[in-house]
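Undergrad:
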Amino acid sequence: MRVITYRDALREALREEMLANPDVFLLGEDIGVYGAPFKVTKGLLEEFGPHRVVETPISESAIVGVAAGAAACGLRPVAEISYMDFLGIAMDQILSNVSKIHYISNGLFRQPLVIRSAYGAGGRSGAYHSQSLEALFAHIPGLYVAMPSTPHDAKGMLKAAIRDDNPVLFLEHKLLYGVKGPVPEEEYLVPLGKAEVRREGQDITLVASGMMVSKALRAAARLEEEGVDADVIDLRTVKPLDVETVVASVKKTGRLLVTHEGHQICGVGAEVAAIVSKEAFGYLDGPIERVCVPDNPIPLSPPMEDYCLPSEDRLAEVALAMVIPAQRR
Amino acid sequence: MGVIKSDALSMYRWMVLTRRFEEKVVALYKQRGSAEMPHSSIGQEAVGVGVCYGLRRDDWVLPSLRTRAAFLVRGISCRHQMAAVFGKDTPQAGGKNTSHHMGDPNLGLMVGGGIVGGGIAVGVGAGLACKYRNSGAVSVVFFGDGASNRGDFHEALNLAGVLKLPVVFVIENNQYAMSTPLSRSTACRRLCDRSASYGFPGAQVDGNDVLAVHEAAQEAVDRARQDSIPTLLECVTYRWRGHSERDVDTPYRTVEEVEQWKLRCPIKRLHNQLLAWGCSERELETIDESCCAEVEDAAAYMDSAPYPSPESAAAGVYVGA
């Protein structure tokens, strides 16, 4: 199978959906000749023209609000908000319009739109360009939140998101854009709301999202050397959350470690932990652990930033301690 | 003036219907309370009627929380609106939304939300959809003087101006944002002058002269439809009652001021104009009687309409789920 970058996979998804459906159009800042800050839209203006690749001024609130209005009229906008840190500007449009229109209109209107946004730390981008705020948006009824971790999923999930009549916040970790992976040539979709078991094991369940999936897999390789075998589950979407896959795994392993880049406090891991502690209570051999980001903004300086982010060392250390009691290690 | 008498009579009826409906809502609210806190448009009827009369079915209208007339003119029945005020089941809201934010895609009525100024960009999005589809349809968005101070107003109008979208922005300037008078909320003198920042025309009109409102609105609608250029149309008017029925004494304005504006009642004004054009008092009385009957019918309908089931609160959040 051919191997392409996460960025190219996203561009293919956009292009294919724009070719297939004339109602799909893009809007956002710098998405034209510049190709957008992470180059996902490069070439699309030249191919589709300004009618379908609509460049906007710096106005995140209007970008999302206009997308909401266009979607309510039956078009299928894909809005780009360059960095998820800027979603705060558009927060009311997401909270009051995008997420509520279908419900409060008693189903007469829909919001078949996608908001694509780059998130995540490790890129030395500081507190205003590194945030992982998926938990804030998962808390809002009416909004789906997607976090693909591979080029394959990026393409399949973006196509699915564009075709979905629900509004989807589509989060792309900025350090994943250059990562390569196998992506089929033929048409495929990855349904939203289905987690993927990336690795199977008996001893512990590691649940991860986005950038943390590859770190969890590398930690699992280290654990294997210590005789500990891990299930690694890629959540893929925070909303809908695939509870069944996680619960089934914990019923097998008896141990759960959740890791994400969002802050630990009131993060997605808290939701996963609460669900599992109820659904698999009798199967747990010990407390659920979360390895996430502390309750501070992401600082700029490299050693400080690295300190904040869950590393594969830390994952392996915590997982090992959960499986092998201290006195036997 | 290009308006023919039959159009003027129709606009008269719409204003009277709006007035009688709003009066009934207040009366029922005082008797028994309501699910929805009434925000009366009494006194402002000419703005919604003058702007919406004559629009195409496929044009989009996004009313403000106080543009009762827009819902009536676009075609939502008194029955459904009255039922929604009292939280009863309706096709447009299902108990989930207020009567003054309902939408109906078959009537070109965009659903609204409860954030002042939050819908302006949505109205611009509808304008973008009209241009995208090359349908010739336009989008008309209503909001108040207070909403025009929101950051979202600026972003939305700027985007409409730079993308050249077929939108008519209607400011229902009733000179108060709840208790804050215009002089203390806005540093610029005429709200329509703000359009200069966005590169498109603005106009101010007497919002209590429904024929003047209609003429100005038609000009703006034509500009949007033919040239895809927006307009900021400021209609100066006044609300007779408080911001809502919680705001009864309106301590921020004088009784004299309210009485002065009541003398400029938009309905009385057109009433007198119609008499001058040869209509009879009896003809106009008949219109009032028929409106009262329609409103009474709506109240009776509301009384016997059921509430939606409690469990329906959890349904309809996601499509297909």
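In the order they appear, the protein sequences are chains A and B.
1 is the number of the first residue of the first sequence in this note's numbering; add one for each residue after it.
1001 is the number of the first residue of the second sequence in this note's numbering; add one for each residue after it.
In this text, a Cβ means the ideal position worked out from N, Cα and C, and glycines have one as well.
Is the beta carbon of S1228(B) sitting closer than 8 angstroms to the one on L1182(B)?
TA: Reading the second sequence from its first residue, position 228 is the one you call residue 1228(B). Reading the second sequence from its first residue, position 182 is the one you call residue 1182(B). Contact flag unset, no.
Undergrad: Which residues in chain D have a C-beta closer than 9 angstroms to the C-beta of S96(A)? List them in chain order.
TA: The chain inventory of the structure shown lacks chain D, comprising the protein chains A and B.
Undergrad: Should E225(A) be labelled buried (16 or more other beta-carbon atoms within 10 Å of its own) or exposed?
TA: In the first sequence, counting from the first residue as 1, residue 225(A) sits at position 225. Classification for E225(A): exposed.
Undergrad: Using only the alpha-carbon positions, how far apart do V183(A) and F48(A) sit?
TA: Within the first sequence, residue 183(A) is the residue found at index 183, counting from 1. Within the first sequence, residue 48(A) is the residue found at index 48, counting from 1. Rounded to whole angstroms, V183(A) to F48(A) spans 24 angstroms at the Cα level.
Undergrad: As a quick exercise: from G74(A), V53(A), I94(A) and P77(A), pick the residue whose alpha carbon is nearest that of S61(A).
TA: For the purposes of this step, residue 61(A) is identified with residue 61 of the first sequence, where counting begins at 1. It is I94(A).
Undergrad: Helix, strand or coil for C1265(B)? Go by DSSP, reduced to three states.
TA: Here residue 1265(B) is taken as the residue at index 265 of the second sequence, counted from 1. If DSSP states are grouped into helix, strand and coil, C1265(B) belongs with coil.
Undergrad: To the nearest angstrom, report how far apart M1(A) and H152(A) are at their CA atoms.
TA: Looking up residue 1(A) in the first sequence gives position 1. Looking up residue 152(A) in the first sequence gives position 152. M1(A) and H152(A): Cα-Cα distance of roughly 11 angstroms.
Undergrad: Which of the residues in the stretch 124–141 of chain A, read from start to end, lie with their CB under 7 angstroms from any CB of chain B?
TA: Residues passing the 7 angstroms Cβ filter: P141.
Undergrad: Below 8 angstroms on C-beta distance, what does N1158(B) contact in chain A?
TA: Looking up residue 1158(B) in the second sequence gives position 158. Chain A residues near N1158(B): P57, S59 and A62.
Undergrad: Please identify, using Cβ separations under 7 angstroms, the residues of the stretch 80–107 of chain A that lie next to chain B, in order along the chain.
TA: Answer in chain order: D92, Q93, S96, N97, K100, I101, H102, Y103, I104, S105, N106 and G107.
Undergrad: Buried or exposed: S1266(B), going by 16 or more other Cβ atoms within 10 Å of its Cβ?
TA: As a first step, residue 1266(B) must be located in the second sequence, where it is residue number 266. In the sequence as presented, Ser is not what sits at residue 1266(B); that position holds Pro. Under this definition P1266(B) is a buried residue.
Undergrad: Would you list, in chain order, the members of the stretch 1225–1257 of chain B that have their beta-carbon closer than 9 angstroms to a beta-carbon of chain A?
TA: Of all residues in the stretch 1225–1257 of chain B, none has a Cβ within less than 9 angstroms of some Cβ in chain A.
Undergrad: Does the CB of V1049(B) have a neighbour CB from chain A at under 8 angstroms?
TA: Along the second sequence, read from residue 1 onward, the residue named residue 1049(B) stands at position 49. Judged by the 8 angstroms Cβ criterion, V1049(B) is not in contact with chain A.
Undergrad: Shortest alpha-carbon distance to L171(A) belongs to which of V272(A), C308(A), G269(A) and Q131(A)?
TA: As a first step, residue 171(A) is located in the first sequence; it is residue number 171 there, counting from the start. Considering only alpha carbons, the answer is Q131(A).
Undergrad: Which ranges would you report for the beta strand (DSSP E) in the stretch 259–295 of chain A if only whole runs of at least 3 residues count?
TA: Counting only runs of 3 or more, we get 289–293.
Undergrad: Using the Cα positions of G1118(B) and L257(A), report the straight-line distance between them to the nearest angstrom.
TA: Taking the first residue of the second sequence as 1, we reach residue 1118(B) at position 118. Taking the first residue of the first sequence as 1, we reach residue 257(A) at position 257. Those two C-alpha atoms are separated by around 41 angstroms.
Undergrad: Quick one: what does DSSP say L1163(B) is sitting in, helix, strand or coil?
TA: As a first step, residue 1163(B) is located in the second sequence; it is residue number 163 there, counting from the start. Of the three classes helix, strand and coil, the one that applies to L1163(B) here is helix, per DSSP.
Undergrad: Apart from the five residues on each side of it in sequence, which residues of its chain come closer than 6 angstroms, Cβ to Cβ, to N1208(B)?
TA: Here residue 1208(B) refers to the residue found at position 208 when the second sequence is read from its first residue. A1046, T1237, R1264 and P1266, listed in sequence order.
Undergrad: Taking only beta carbons into account, state which residues of the stretch 1079–1099 of chain B come closer than 7 angstroms to chain A, listed in chain order.
TA: Listed in sequence order: P1091, Q1092, A1093, G1094, K1096 and N1097.
Undergrad: Interface residues of chain B around F25(A) at Cβ under 8 angstroms?
TA: Along the first sequence, one-based indexing puts residue 25(A) at 25. Going along chain B in sequence order, the residues near F25(A) (Cβ under 8 angstroms) are Y1132.
Undergrad: Measure the beta-carbon distance from W1277(B) to G1043(B) and round it to whole angstroms, keeping in mind my assumption that it falls under 8 angstroms.
TA: Taking the second sequence and counting its residues from 1, one reaches residue 1277(B) at position 277. Taking the second sequence and counting its residues from 1, one reaches residue 1043(B) at position 43. So it is not a contact: roughly 24 angstroms between Cβ atoms.
Undergrad: Thinking C-beta only, is S1185(B) closer than 8 angstroms to N1134(B)?
TA: Taking the second sequence and counting its residues from 1, one reaches residue 1134(B) at position 134. Taking the second sequence and counting its residues from 1, one reaches residue 1185(B) at position 185. No, the pair does not count as a contact, with Cβ atoms beyond the cut-off.
Undergrad: In whole angstroms, give me the CA-to-CA distance for G286(A) and H263(A).
TA: Position 286 of the first sequence, counted from the first residue, corresponds to residue 286(A). Position 263 of the first sequence, counted from the first residue, corresponds to residue 263(A). Rounded to the nearest angstrom, the two C-alpha atoms are 23 angstroms apart.
Undergrad: At 3 residues or longer, and completely inside the stretch 85–140 of chain A: list those beta strand (DSSP E) runs for me, N to C.
TA: Runs found: 114–119.
Undergrad: Can you grab the Cα-Cα spacing for the pair A118(A) / A1293(B), in whole Å?
TA: Counted from its first residue, the first sequence places residue 118(A) at position 118. Counted from its first residue, the second sequence places residue 1293(B) at position 293. Answer to the nearest angstrom: the Cα atoms are 58 angstroms apart.
Undergrad: Against chain A, does Y1053(B) count as a neighbour if the rule is that its beta carbon must be under 8 angstroms from one of theirs?
TA: Within the second sequence, residue 1053(B) is the residue found at index 53, counting from 1. Not an interface residue.
Undergrad: Helix, strand or coil: how does DSSP classify G178(A) here?
TA: Numbered from its first residue, the first sequence carries residue 178(A) at position 178. G178(A) falls in the coil class under three-state DSSP.
Undergrad: Where DSSP assigns a beta bridge to V168(A), which residues make up the other side?
TA: Stepping through the first sequence from its first residue, residue 168(A) is reached at position 168. V168(A) is bridged to V114(A) and Y144(A).
Undergrad: Just the C-alpha distance for D1152(B) and I1120(B), rounded to the nearest angstrom, thanks.
TA: Residue mapping note: residue 1152(B) aligns to position 152 of the second sequence, counting from 1. Residue mapping note: residue 1120(B) aligns to position 120 of the second sequence, counting from 1. Using only the alpha carbons, I get a separation of about 7 angstroms.
Undergrad: Between the stretch 1173–1196 of chain B and chain A, which residues of the former have CB atoms less than 7 angstroms from a CB of the latter, in chain order?
TA: So the list is empty, because no residue satisfies the distance condition.
Undergrad: For the beta strand (DSSP E) containing V78(A), name the first residue and the last one.
TA: Counting from one through the first sequence, the residue named residue 78(A) turns up at place 78. Element bounds for V78(A): R76 to Y83.
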